[in-house]
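For the sequence shown, the residue numbers in the working numbering are 3 to 153.
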Amino acid sequence: MDGGIIQPQRHLVDYTASLFDEGFLDEQFNQLELLQDESNPDFVVEVVTLFFQDAERLLDELTKALGQASIDFKKLDAHVHQLKGSSSSVGAQRVHKACISFRNSCEEKNIEGCLKSLQQVRHEYSLVKSKLETLFKMEQQLSAASGSFSR
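Below, the structure is given as structure tokens:
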């Protein structure tokens, strides 16, 4: 392997490990990566991109639902449940955990708790989105660099 690739590769491995150490990702993300192969090299990026689109749609729905004069907690909970499921399916652990807390507030019909939970879910989502975009960019750069050194 070329010496110019070893450093970025080590950086990628360390960065990925930090995402697990800091609780952004869990084992489910590893499971997704195992489903990726030569026949579908962009599988993880595609699945995570769908998660981003779904999460943003659901966050908008949650914001709208909480902005109503009369809050439909069943509808609110259904949206949170959906977001919890999709975050779990990509291994976005901190978003998943924030959704559990959000669902508890829905169950208690606690408007203040729901508003705080929405902020927390938004925060965790934006963090994991940024971290995953950085990860994908690093992988893309490494792939481009190693491709240029192919034997």
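All C-beta atoms in this analysis are idealised placements derived from N, C-alpha and C, irrespective of residue type, glycine included.
Distance between beta carbons of residue j and residue i, contact taken as under 8 Å
{"i": "Leu52", "j": "Phe45", "result": "No, Leu52 and Phe45 are not in contact; Cβ-Cβ is about 11 Å, not under 8 Å."}
{"i": "Ser90", "j": "His98", "result": "5 Å"}
{"i": "Cys108", "j": "Asp79", "result": "4 Å"}
Pairwise C-alpha distance: residue j and residue i
{"i": "Val130", "j": "Phe54", "result": "10 Å"}
{"i": "Ala67", "j": "Phe138", "result": "33 Å"}
{"i": "Asp74", "j": "Arg96", "result": "25 Å"}
{"i": "Asp100", "j": "His81", "result": "Checking the sequence, you will find Ala at residue 100 rather than Asp. Computed Cα separation, rounded: 13 Å."}
{"i": "Ala57", "j": "Gly87", "result": "10 Å"}
{"i": "Lys77", "j": "Ile7", "result": "50 Å"}
{"i": "Leu117", "j": "Ala71", "result": "14 Å"}
{"i": "Thr18", "j": "Lys111", "result": "38 Å"}
{"i": "Thr136", "j": "Gly69", "result": "33 Å"}
{"i": "Gln33", "j": "Val123", "result": "23 Å"}
{"i": "Gly115", "j": "Glu24", "result": "25 Å"}
{"i": "Ser128", "j": "Glu48", "result": "18 Å"}
{"i": "Phe31", "j": "Ser132", "result": "16 Å"}
{"i": "Glu40", "j": "Asp16", "result": "24 Å"}
{"i": "Thr65", "j": "Arg12", "result": "40 Å"}
{"i": "Glu126", "j": "Ser103", "result": "13 Å"}
{"i": "Asn106", "j": "Ile113", "result": "11 Å"}
{"i": "Phe151", "j": "Asn42", "result": "In this predicted model, Phe151 has a pLDDT of only 42, less than 50, meaning its place in the structure is not dependable; the value taken from the coordinates is given anyway. Approximately 22 Å, taken between the alpha carbons."}
Test item: CB-CB of residue i and residue j under 8 Å
{"i": "Pro10", "j": "Ala147", "result": "yes"}
{"i": "Leu120", "j": "Leu85", "result": "no"}
{"i": "Glu29", "j": "Gly93", "result": "yes"}
{"i": "Leu1", "j": "Leu14", "result": "This structure leaves residue 1 out entirely; the chain is present only between 3 and 153."}
{"i": "Val50", "j": "Leu134", "result": "yes"}
Contained alpha helix (DSSP H) runs [length at least 4] in the stretch 46 to 96, N- to C-terminal order = Listed in chain order, they are 75 to 92.
request  = Please list the segments of the alpha helix (DSSP H) lying wholly inside the stretch 3 to 42, counting only runs of 4 or more residues, in order along the chain.
outcome  = Within the stretch 3 to 42, the complete alpha helix (DSSP H) segments of 4 residues or longer fall at 5 to 23, 29 to 36, listed in chain order.
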